[in-house]
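Residue numbers (the numbering used here): 175 to 819. Every residue gets a Cβ at the ideal spot worked out from N, C-alpha and C, and that includes glycine. All figures in this text were calculated on a predicted structure; none of them were measured in a lab. The block underneath contains the structure these notes are about, expressed in structure tokens.
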Amino acid sequence: MTGHPFTAYPFSAVVGHDDLKLALLLNAVSPAIGGVLVRGEKGTAKSTVVRSLAALLPEVTVVAGCRFSCDPAAPDPSCPDGPHESGLSGRPRPARLAELPVGASEDRVAGSLDLERALTEGVKAFEPGLLAAAHRGVLYVDEVNLLHDHLVDLLLDAAAMGVAHVEREGVSVRHAARFLLVGTMNPEEGELRPQLLDRFGLAVEVRASRDPDERAEVVRRRLAFDADPAGFAAAYAGGERDLARRITAARDRLPGVALPDAALRGITAVCAAFDVEGMRADLVMARTAVALSAWEGRAEVTSGDVRAAARLALPHRRRRDPFDDPGRGLDEERLEQALSEAASESDDGPDDDGPGGGGASGDGSGDGDGSGGGAASQPAQPGAPYRTRLLAPAAVGRGGPAGRRGRTTGESGRTVGARTPGGRLRRLDLPATLAAAAPHQRERGRAGSGLVLRRDDLREAVREGRESNLVLFCVDASGSMAARARMRAVKGAVLSLLLDAYQRRDKVGLVTFRGEDATVALPPTSSVELASGRLARLATGGRTPLAAGLRRAERVLAAERLRDPRRRALLVVVTDGRHTFGPDPVDAARRLAGVASVVVDCEHGPVRLGLAGRLAAALGGTAIRLEELAADHLAAVVRDVRRVA
């Protein structure tokens, strides 16, 4: 569900989503909170609510002609369009909502320098990016979990400091970039890294209502909006004006709101009780509680404000295993106990008279520990995960999606060479450019100390970095693997590889084979949480159709190659190499030649047939024994070799 291209869906017309609306309004009152991360399944109006917020924000007054929206009352002294004279008359304009597409480049986000003009004409020209467009407004990132890590870092650093820096080969541009950062994501498509989750001030889980009457009202209003957007917006114009005035009044009231020591102790006690890392959670909770008090028209923070702030600021910050659900709500009993203990230490704790005491978590997301039932009834649970060896394609890729596994050439990483640009120059290699121009200075009539440059002298850097791969697991679940202790070790190994894939930002898929056929237990996805859940429920037993497993893996890889041709695949086959049903697997393995492959040999016992090694040879890959998968084992082998030497 998205907003209308010409008329935004009114904020006050949104049905439900009380937590989301409150989190956005509090950030509108106090942008220092740090923005909002909105997590939810598809079709839950996440984008609609976010886009409707911009219409509620107060107008901003900007310096006429300034591309960076400088405030005439306090112009940015480092503005690239400045310096601006003090006391300039400005012009009012609505606050902007700048949208960052998933495929945006770093230059599109931060802005770019025209290096060709800078070198050939001596002109320092700068083209503003989205950070400049969002200054004093809202920067909205849909599918923020699919952005490359370096772009997310860039956004969050600018949001935290209020300043954007653009550095290109010794030329530096700096401008103000203060905005309300809002990101939306579908957890099924993969999670944000924990360190990036923590940089968002508040996080909200959005779910579709299960109440038929409420769902009917959502559909009724949406149909009315689609039929007549302008008329629908006019019907809610009064509610929109009231919200806008309330935001302005709360902003004016914010500096005068008091945070009593008792409330501050409650904030720090809750953060300590939930074992959050660092101090950012304490600061965010304090700012959120103060903003909520200002929003409700109070002059002092209450325990109800603290409770509401905790429900918005802490769920995504709890210390957790990477495969835990970060959208799970807080343990209400634990929250109340921490607040009670903090209040008992104060003789004059704040009154619990605020409506925030129960209004900030109305989605009922506190659903226990999320462990669910049935996991213990599985025949073999995975063993404890451990750090694994790096398994990666041997060849260097060509500009695959950024990650931390295979090597690739692209726009990030270390410089390994230079080349003549085929089109627009994107990243200048200054030493190579000067080296190309130097031999021609005399024939070009150089006079003085300046260097005469031409277009064909320009060189761009060739960089080598790391890419994200598709790691497809093909796991033998037959009877020969079904011994409880053995399957526990195998599942522990795959879980460890999944954890490694999570840290390296890979897509993962899971193919299993047993009985007479193979199945796709998990199509390729960025959500390793789903993969770990399917692994835990993996049933075992029956014959070993190894060829069927390899053929199924081949089809999965072929389909994924069409969907995402830039992402290279790594096939990890976990088996003892035996096959007891179907055709000879060697032919199926040869069809996969060219795909980077690793066979994890699960054969055990004093007599080994070496079948997994022969399978690896047919695949054109490598084989490692199950016990050699751990990185610690590899380090121990290296130490033993050095001792012998």
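If you check the CB distance, L684 and A651 do not come in under 7 Å. With contacts defined as CB atoms closer than 7 Å, H322 and A558 fail to qualify as a contacting pair.
Distances from the alpha-carbon of C648 to those of S654, A675, A695, R660 put A695 closest. One Cα belongs to Y560, the other to T582, and the distance between them is close to 27 Å. Per the C-alpha coordinates, the member of A663, L669, L509, G311 positioned closest to C445 is L509. Straight-line measurement puts the Cα of V664 at about 39 Å from the Cα of R454. Per DSSP, the beta-bridge partners of I798 are V774. Taking a C-beta distance under 7 Å as the contact criterion, D479 and A463 qualify as a contact pair. In the assembly as shown, T754 is an exposed residue. Its beta-carbon has fewer than 16 other beta-carbons within 10 Å. Residue state for P266 is assigned as strand, using DSSP reduced to three classes.
Residues of the same chain with a CB within less than 6 Å of the CB of P205, apart from the 5 flanking positions on each side, are L354 in chain order. Taking 7 Å as the cut-off, the Cβ atoms of H309 and A350 count as close. Proximity of the region 509-518 to the region 472-491 meets the contact definition, three or more beta-carbon pairs being nearer than 8 Å. Assigned with DSSP and collapsed to three states, H324 falls in helix. In the pairwise beta carbon analysis, the region 419-438 is classified as touching the region 196-211: at least three pairs are separated by under 8 Å. Excluding five sequence positions before and after V188, the CB atoms of its chain that fall closer than 6 Å to its own CB belong to V223, given in chain order. Distance check between I798 and each of T749, A468, E414, R741 places T749 closest, using alpha-carbon atoms only. With respect to the C-alpha of L709, the residue from T686, R726, A338 having the closest C-alpha is T686. Across the set S670, A443, D192, the C-alpha of S670 shows the shortest separation from the C-alpha of V774.
For the set V730, H191, G440, the Cα lying nearest the Cα of A516 is the one of G440. Taken atom to atom, the span from the alpha-carbon of A407 to that of L397 is near 13 Å.
It is roughly 22 Å from the alpha-carbon of C253 to the alpha-carbon of L274.
Inter-residue distance for R633 and G571 is about 21 Å (C-alpha atoms, whole angstroms).
Per DSSP, reduced to three states, the secondary structure at M459 is helical. Looking at the DSSP output, F185 bridges to nothing. Residues D680, K681, V682, G683, P698, L731, E734, D738, R741, R742, A743, L744 of the same chain have their beta carbon placed closer than 8 Å to that of L644, with the five preceding and five following residues left out of the count. Here S654 carries a helix assignment [DSSP, helix/strand/coil].
Assigned with DSSP and collapsed to three states, H339 falls in strand. Boundaries of the beta strand (DSSP E) around D316: 312-316. F374: not part of any beta strand (DSSP E); DSSP gives it neither H nor E.
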